[in-house]
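First up is the structure itself, then whatever we jot down about it.
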Amino acid sequence: MQCRCCEHKISDLSLLVLHNMPLGAQNFPEEFDLLNEKGIDLRLYQCDMCGVIQLSGEPVPYYRDVIRAVGVSKEMKNFREKQFPKWIEENQLSQKKIVEVGCGCGEYLSIMKKYCPQAVGLENNEKSVKCCNDNSLRVYEGYIDKDNYVIPEAPYDGFYILSFLEHFPSPHEMFKGLLANLTDNAVGLIEVPNFDMIIKYSMYSELIQDHLLYFTQESLCRFLSMHGFEVVKCKTVWHDYIISVEVKRRQRLSLDAFKCKQAQIKQKLDDFFAHHEEKHIAVWGAGHQALTNMALLEMEKYVEVVIDSANFKQNKFTPATHIPIYSPESLSKGNIDVVLIMAGSYSQEIASYMKENYPDISSYVLTNNGDVL
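Start counting the sequence shown at 137; every next residue gets the next number (our numbering).
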């Protein structure tokens, strides 16, 4: 079996097997079905890689559809009336576009639209979509099942998925497709049943084939982190039955400062070499930092030899710059005037060695900031 969340191979050893379980939470047979209707075995597994608990077997026939009985719950409506405006305000979404993935008949979308007029929904069930549209909710028929899926009106500044993620047989593909429809700074609200609570109270009756995935707070945060999001908040709500997570899209790291730092250090070293133009210069250090600096900063123009204490590097050449490498004892020949020490955390130790053993040779240390001291 392959993990539904990270695609890692899962051990065949199940955590739990329940026999004669209902085929699905919405599978209510008619009288004429009873002769052939029977229970199924539920087999629960855990991925060793991402930690997500999951069921084997095929999803229920209606897994793409959101079916909610929440419409009859006044308490849930009141909860959402407090939760949604707070989330909208904290993320400045009132005038932006957000999408509910799996909106059912608009039970939650109708509330969200009060606080974010541009909120739209995505729903697979044709009848539910018509119900939403008839009630002046902008909802599109669809289901995200591939990485190039396109949601109409994309990109969106925010999204929310409430008690639907656990139904996805391939959440990995769904989130790849969702990301393609979000802005770079998008935020999200995701809620799933709380498996921490299910474990705590051994609530075996919470297991059902409809819910293919069972998340703890830890595994849900890990899953979301693996799929392009940073977790902003994670808590339990609704009498601890639900894990509620707020996320933001992970920003692509900018390393422009590296190029600036490289240019700054090159300028400082060019000035240093210009000041010692008539001198014979050596670098002490053939570690990876020194090798990189010598190559990127074009130091082969000025450096005659490299000194290093490691025997296996001596009498060879630096990669890319092709400067010969010699032992520290070679300094006793007296043909080097200046040593520039580039040995990271060992630089000060080498500087002391130079002062003690070669006081006539001027020695300098290249610091992490690019200063030559």
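Beta carbons are placed, not taken as given, at the ideal position from N, Cα and C, and that holds for glycine. The structure displayed is predicted, hence computed values, not measured ones.
Of all alpha-carbon atoms in S272, V256, S498 and L318, the one lying nearest the alpha-carbon of Y285 is that of L318.
In this structure the region 361-370 does not lie against the region 398-405, because fewer than three pairs of beta carbons, one per stretch, are closer than 8 Å. By the Cβ neighbour-count rule, Y340 is exposed, with fewer than 16 other Cβ atoms within 10 Å of its own. Excluding the 5 residues flanking it on each side, E143 has same chain C-beta neighbours closer than 8 Å at H308, in chain order.
Counting only runs of 3+ residues, the beta strand (DSSP E) found wholly inside the region 472-497 occupies 474-477, in chain order.
Secondary structure at W420: strand, using DSSP grouped into helix, strand and coil. Straight-line spacing of the CA atoms in T454 and N447 works out to 14 Å. Looking at the backbone, the Cα of V235 and that of S246 are separated by about 12 Å.
A straight-line Cα-Cα distance of about 12 Å links G240 and V256. Here the alpha carbons of V202 and C183 stand approximately 26 Å from one another.
DSSP, read as helix, strand or coil, puts Q138 in strand.
For Q254, no alpha helix (DSSP H) encloses it, and the DSSP letter there is neither H nor E. Here the region 204-223 makes no contact with the region 269-276; the two share fewer than three CB pairs at distances below 8 Å. If the five residues before and after I297 are omitted, its C-beta is found closer than 8 Å to the C-beta atoms of E236, V237, G238, G324, L325, I326 and E327, all from its own chain and listed in chain order.
Residue state for G193 is assigned as coil, using DSSP reduced to three classes.
The Cβ neighbour count for C252, taken over all protein chains shown within 10 Å, is at least 16; the residue is labelled buried. Taking all protein chains in view, the Cβ of L356 is crowded by 16 or more other Cβ atoms within 10 Å, so the residue is classified as buried. By the Cβ neighbour-count rule, Q190 is buried, with 16 or more other Cβ atoms within 10 Å of its own. E262: member of the alpha helix (DSSP H) spanning E262 to D270, first to last residue. In this structure, F351 keeps its C-beta atom at 8 Å or more from the C-beta atom of F365. Uninterrupted beta strand (DSSP E) stretches at least 3 residues long and entirely within the region 409-465 occur at 417-420 and 439-443, given in chain order. The beta-bridge partner set that DSSP reports for L178 consists of L154.
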